[in-house]
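Undergrad: In this note's numbering, the protein residues as written are 6 to 201.
All residues carry an ideal CB built from backbone N, CA and C; glycine is no exception.
Dropping the structure here:
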């Protein structure tokens, strides 16, 4: 099979890659090689490239099927140096990037941050249970959690919210104190709860 190998390596990786590829293929450009090679030989090239690969390595291998058709076989190293077809970008632009971002810098970012913080808070409450702590310390009878901490977190959240509206439970969350714990300690699933 005839293949073309393209290197987009940088720094020390460039010299290492050139040594490997020069041993197997003819250099037809500064960073381009071409050769007729067996599949086993190509696998050996790929293996050697992987062995010496670093963050600065980027090599693509194209199988030349005919005058007008080639297929990308593989990429070793940094795939971002090539597109899905193994083609090297020749120009970069940032002009179109703005359309992907909200002109108001994510109007709902504050809401997302607050929701994530509340979710994290209740998730951590679930980890505060004795079974989970024993599992972490290796002191429990089981190497697993009989009741997953995520489920405990959900049940604590359900108990805290109760039948309150979103506004009521959010206000209650801002006014919580250490004496507030009685209403969240419930056993089992409470029937008749429409909320969370």
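Return yes when the Cβ of residue 93 is within less than 8 angstroms of the Cβ of residue 13, no when it is not.
TA: For the purposes of this step, residue 13 is taken as the residue at position 8 of the chain shown. For the purposes of this step, residue 93 is taken as the residue at position 88 of the chain shown. In contact: residue 13 and residue 93 (Cβ atoms closer than 8 angstroms).
Undergrad: Can you give me the C-alpha to C-alpha distance between residue 70 and residue 21, rounded to a whole angstrom?
TA: Locating residue 70 in the chain shown gives position 65, where the first residue counts as 1. Locating residue 21 in the chain shown gives position 16, where the first residue counts as 1. Straight-line Cα distance between these residues: approximately 28 angstroms.
Undergrad: Grab the span of the alpha helix (DSSP H) containing residue 50 for me, first residue to last.
TA: Here residue 50 refers to the residue found at position 45 of the chain shown. Residue 50 -> alpha helix (DSSP H) spans 44-57.
Undergrad: How many angstroms separate the CA atom of residue 64 from the CA atom of residue 27?
TA: Position 59 of the chain shown holds residue 64. Position 22 of the chain shown holds residue 27. Straight across, the Cα-Cα distance linking residue 64 with residue 27 is about 13 angstroms.
Undergrad: How do the stretch 25-39 and the stretch 76-92 stand: do at least 3 beta-carbon pairs fall below 8 angstroms, yes or no?
TA: Contact between the stretch 25-39 and the stretch 76-92 is absent, because fewer than three Cβ pairs lie under 8 angstroms.
Undergrad: Runs of 3 residues minimum, wholly inside the stretch 65-93: which ones carry the beta strand (DSSP E) assignment?
TA: 74-82
Undergrad: In angstroms with no decimal places, state the Cα-to-Cα distance between residue 7 and residue 30.
TA: Numbered from 1 along the chain shown, position 2 holds the residue referred to as residue 7. Numbered from 1 along the chain shown, position 25 holds the residue referred to as residue 30. Roughly 10 angstroms separates the two Cα atoms.
Undergrad: Less than 8 angstroms between C-beta atoms, sequence neighbours within five positions excluded: which residues of the same chain meet that for residue 17?
TA: In the chain shown, residue 17 corresponds to position 12, counting from 1. Hits under 8 angstroms: 59 and 61.
Undergrad: Quick one, which of 155, 57 and 176 has its alpha-carbon nearest residue 19's?
TA: Counted from its first residue, the chain shown places residue 19 at position 14. Residue 57 is the option with its Cα nearest to residue 19.
Undergrad: Going by beta carbon distance, what residues of the same chain come within less than 6 angstroms of residue 66, once the five residues before and after it are set aside?
TA: The residue labelled residue 66 in the question sits at position 61 within the chain shown. Result list for residue 66: 8, 10, 78 and 79, in chain order.
Undergrad: By the 10 Å Cβ neighbour count, where 16 or more other Cβ atoms means buried, how is residue 89 classified, buried or exposed?
TA: In the chain shown, residue 89 corresponds to position 84, counting from 1. Answer is exposed; the Cβ neighbour count stays below 16.
Undergrad: Can you grab the Cα-Cα spacing for the pair residue 76 / residue 95, in whole Å?
TA: Locating residue 76 in the chain shown gives position 71, counting from the first residue. Locating residue 95 in the chain shown gives position 90, counting from the first residue. Cα-Cα distance, rounded: 20 angstroms.
Undergrad: Assuming residue 158 is part of the beta strand (DSSP E), what are its boundary residues?
TA: Locating residue 158 in the chain shown gives position 153, where the first residue counts as 1. From DSSP, residue 158 is part of no beta strand (DSSP E) but of the alpha helix (DSSP H) over 154-166.
Undergrad: Taking C-alpha atoms, which residue in 175, 46 and 23 lies nearest to residue 116?
TA: Residue mapping note: residue 116 aligns to position 111 of the chain shown, counting from 1. Cα-wise, what sits closest to residue 116 is 175.
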